[in-house]
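Chains as they are written, first to last, in the numbering used here: chain A, 8 to 355; chain B, 96 to 744.
The beta carbon of each residue, even a glycine, is placed where N, CA and C say it ideally should be.
This one's a predicted model, so the numbers in the text were calculated from it and none came from an experiment.
To start, the structure itself, in structure tokens.
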Amino acid sequence: MTEVNPILIEEIKRYGAFDVTACYSCGVCTAICPLVEEGREFPRRMIRYALLGIRRKLFGSPELWLCYYCGECTSSCPRQADPGGFMMAARRYAIAEYSFGRIAKIFYSKIGAPLTFIVLTLIAGLLMILFGGNPNMSSADIFSLLSRETIHHAGIAVGIIVLLGALVNLAMMYRHLSQNSVKVGGLSGLIRVLIKEVAYQGRYVKCESRSRFLTHMSLFWGFLLLFLASGVNFVSGTRSPIAIVIGFVGGIFLLVGGIYFVAKRAERREPFASYSDFMDWAFLALILLVGVTGFLLDFALVTNLPLMAYTMFSMHLIAAFDLLIAAPFTKFAHAVYRPLALWMSERV
Amino acid sequence: MSPNRRIGVYVCWCGGNISDVVDVKKVVEVISKESDVVVAKDFMFMCSDAGQRMIEEDVKEKKLDAVVVASCSPKLHELTFRGAVTRAGLNPYMYYHANIREQVSWAHGNDPAEATRKAIRHIRAGVAYLRHAEPLKKIEVKAARSVLIIGGGVAGLRSALDLSRMGLNVYLVEREPFVGGNTAKLWEVYPYKRKGWEVIDSILKDLLGRDNVAIYTNAEVRSVSGYLGNFEVKVEIKPRGFRGRCEDLERVVSVCPIKVPNEYDFGLTNRCAIIAPPYPGAYPEIPSIDWKNCVKCRKCAEVCDQIELDDEVQTVRLKVGAIVVATGFRPYEPRQGEYKYGSSERVLTLPQFMKLVERSGGELKLGNRTIRTVVFIYCVGSRQVPSGDEKVNSYCSRYCCNAVMNLSVRILDRFNGLKLYHLFRDIRTYGKHELMYEEACKKGVIFIKYDENQPPEVLVSGKRTIVRVRDLLTEREELEIPSDLVVLVTGMEPTPNEKLNEILKLPIGKDGFYQEMHPKLKPVETTLAGMFIAGACQGPKDIRESVLSSSAAAAKAATLVLPGRIELEPFTALVDPERCNLSKRCVDECPYGAIQIRRYEGLGEKAWVNEVLCKGCGACVAACPNGAINIRGLTNVQIEEMIRAAGRE
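As structure tokens, this is what we get:
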């Protein structure tokens, strides 16, 4: 027995599902969705849970994360109820719901979100001033600004914070799903998910738009290569030439993906880009900032422009800090929620 | 037995429609050898001017006395050729139309030889028919140029207005003290914001000034005799008990000791035995005593000198040419305890809720309680699922989905913070009303689909009212809805009219509503000649549909009686009194009440057919054990001869 909860839909509507009450449950969205499989039907069922206020079922459904927002449902909805937009809004709401103490809610508040980024930026700047040394102004050497050890320790600290945040939130999501009797799919399932869905993003291919699949892959691999480059640097302790090549390729991938999505969101023509909230823009802005400052930093180092190098380095670090610290609480978290949902929706 | 006839046979090619399959030349050749056939011809288009002229000339030159045309369906051209033979000086009924297109060439395109043989058989039957045919005359009846309308709701009033505008005298009989029916009691009726009484008022404004309209309220039809064009009607009119308006009606009402549920707000409140005009513009404008409940304590008469409790019932006799029955519907009254109706004051019907809304100011309140959540349960009293032998309303009441959708949109606009749940089986907001459904969705109404075999449950405990329902659109998720008010979306039932039904003998369908003659072709006609049905007495209708059907009924009644005389086809039953042995089976069998027992001079009592009422269906012919009845123009002899001719090789 579930008591209906009229508040839930009102709350979700604030996250972007503005027209969803027009839904009359015809199911065209489910029928047309290229990703629906038997036993894992959406968006219609998810909309029902939201309209009736069945919180337990809605946030316990891995289906929320099985949607890649191709927008087919939205274009074919006879009531213009924007089911794709609803799924997106529900995911935003879920990110808040799964976060520890619902702390992630702040990233979806009109005032709270920019304020949080300002605070994060100030903290990063303060830390740099606190731990920074006297930069060598005659030749560009970033380690004169921040020592190798400082960068090393800061990296470990940020890594731990982000990892902890992500793990706690993942545990919260796991609890939601398992309360709804959804179970994980075993080790082989996890490996399948990691290869087929994370590395290759097989489900994304099923969506209509080939260019979106490719650019999303570009973004994803861009991130991965940049992490790899950082890892190599981290382990070797120097700027190894392999890391430079990997980083360069990764950076290009990241920029290509970032620019594509900025353009799509500015154009607003495709359903997935028809509505962008602050976080959508902030996320893209930070990605581009990290990418661009990274390239300019390399340029300044090669051409030995100390002032430019230190400026770019600071900006690069601060942007990366903002992006990473916020990651478990913003849309970036789909990088962990989606694989978990896929793992938990595999029938083994 | 039959005189030697001179029959002409004309076989049409229909431009190839017939001749591509049927060997027309062969048909003519065979038929021309039939006895009594003087001439047989074929022609490309018999219905053309040239074809018709050919027939006319042949009739005159060859002194024909009967004609067969073998062509298309008689529905298309029977009248055409009857006209042709009439112009040539023959009786129009000395004509037979053989259908060799729809029934032969179109049906048997794959077998021309057999089709040709079938065409010959058809025509031989036609020739046999004509050998025994006799000239007939149309039946002519005088008609009173006046119409009786029974029921003064929106349908009756609309019919009255239409008929009056066409120049006919209209008598409108209303059982209740005021006209307006159910429509006048309703709040804002879809699809716009006009209130029910405003709709009635706009018809009344036009109607009341007309001098060919008489409206009787508190009146009932007591007897109807006669037939099409000549009905004699007795109407009984109860007095109003009021000579005029009282100065202080409130005081008069307050002294009355009687308390009964007020039907003008569907029982939401009580009223006394004096019924004051229940809405603005109510007609008549003066109050009426409710004689059924008045105990004649005369307390009211002490307060107001306009009250007269001892007036007599009046009887009026009317002569009308046609009758329009517009007795409307009765809102379904839920059984005691159905969804806790009657046992909890927080369970209302849709019409009651409308009245509650109408009376609410800025806040929707029941008693002192502000209403925030309303649960609507659909299909109460409609589309009922049969259980055992119990009689149920298995029909859809059509208007309720639209009405509740409109009401929901209106109240969401009017009251803040209202949450509405609609528990439905199917949404049937057909046609333009679909937009209201969409609007209701967009305004946040939550729709929950329930299974007819697992209806919602209303639980009342103390101050809490909870509705339990399984939602079919999830996996039958069991939901609990705490609510302030439960509204049963009730449908329509036929108005109880036992007495009237005995008088009129109108056919009643399985659903209890009056039945039309044909759902598509004769939707406002009944099997009783001169009696029409209008509005929701025929079956659930909304106001728009009621008005549509009442205008249709008015038009049908007017075309019948406006000329002052009525011409009818002569194919009616005829009794041979000498053979009748008074079994009276025909009287029982006749669906039109057209057969009576009459005294014939020298023969005593025998069956007699009122040819104005008879439709020529032949039921009496089949029922008569003595073969004493025949249909004019289709006698037993003719049928037998036709069969024999058609069967001949």
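Which ranges would you report for the alpha helix (DSSP H) in the stretch 89 to 155 of chain A if only whole runs of at least 4 residues count?
-> 90 to 105, 119 to 138, 149 to 152
Under 8 Å between C-beta atoms, does A/T128 make it to chain B?
-> no
Chain B contacts from the stretch 132 to 151 of chain A (Cβ-Cβ distance under 8 Å) = none
C-beta neighbour in chain B for A/Y100, strict 8 Å = no
Helix, strand or coil for B/I102, going by three-state DSSP, please let me know.
-> strand
A/Y344 vs A/G23 beta-carbon contact at 8 Å = no
Within the stretch 142 to 222 of chain A, ranges of the alpha helix (DSSP H) (whole runs, at least 4 residues) = 149 to 152, 155 to 186, 193 to 199, 209 to 213
Mind checking if A/S32 is an interface residue toward chain B, Cβ cutoff 8 Å exclusive?
-> yes
For A/F306, count neighbouring Cβ atoms within 10 angstroms of its own Cβ and tell me buried if that reaches 16, exposed if not.
-> exposed
Is the Cβ-Cβ distance between A/E277 and A/G78 less than 8 Å?
-> yes
Using three-state DSSP, classify B/R467 as helix, strand or coil.
-> coil
Enclosing alpha helix (DSSP H) for B/M500 [first to last residue] | 494 to 509
Could you tell me the boundaries of the alpha helix (DSSP H) in which B/K280 lies?
-> 276 to 280
What's the call for A/C33, buried or exposed, on a 16-neighbour Cβ count within 10 Å?
-> exposed
In terms of alpha-carbon separation, which member of B/E358, B/I638, B/V670, B/L708 lies closest to B/E662?
-> B/L708
B/T585 lies in the alpha helix (DSSP H); which residues open and close that run?
-> Segment 580 to 585 is the beta strand (DSSP E) holding B/T585; no alpha helix (DSSP H) there.
Just by C-beta distance, which residues in the stretch 504 to 524 of chain B are closer than 8 Å to chain A?
-> K514, Y516, I522
List, in order along the chain, the chain B residues whose C-beta lies closer than 8 Å to that of A/E10?
-> L574, E575, I576, P577
Can you find a C-beta in chain B that's less than 8 Å from the C-beta of A/T123?
-> no
If you draw a straight line from the alpha carbon of A/V355 to that of A/G209, how long is it in whole angstroms?
-> Low confidence applies here, because A/V355 scores a pLDDT of 38, under 50, leaving its location unreliable and the question unanswered by this model.
Where A/S83 falls, given that 16 or more other Cβ within 10 Å makes a residue buried | exposed
Is the Cβ-Cβ distance between B/L413 and B/L243 less than 8 Å?
-> yes
Does the beta carbon of A/L65 come closer than 8 Å to any beta carbon on chain B?
-> no
Sort B/T278, B/K155, B/I381 by Cα distance to B/K636 and report the nearest one.
-> B/T278
Roughly how many angstroms lie between the CA atoms of A/M8 and B/L599, to the nearest whole one?
-> 55 Å
Put B/G178 into one of helix, strand or coil per three-state DSSP.
-> helix
From the DSSP output, which residues share a beta bridge with B/P187?
-> B/P187 is not bridged to any residue.
Which chain B residues are close to A/I61, counting only those with a beta carbon under 7 Å from its beta carbon?
-> E572
Comparing the C-beta of B/G557 with each C-beta of chain A, is any distance below 8 Å?
-> no
Which partner residues does B/P426 have in the DSSP bridge list?
-> B/M587
Just checking, does the stretch 301 to 318 of chain A make contact with the stretch 107 to 121 of chain A on the three C-beta pairs under 8 Å criterion?
-> no
Within the 8 Å Cβ cut-off, does B/T569 reach chain A?
-> yes
Using DSSP with H/G/I as helix, E/B as strand and the rest coil, what is A/I61?
-> coil
What separation, rounded to the nearest whole angstrom, lies between the Cα atoms of B/M139 and B/C107?
-> 6 Å
Same chain, Cβ closer than 8 Å to A/P399, neighbours up to 5 away in sequence not counted = Absent from the model: residue 399 of chain A. The displayed extent of chain A is 8 to 355, so no value can be given.
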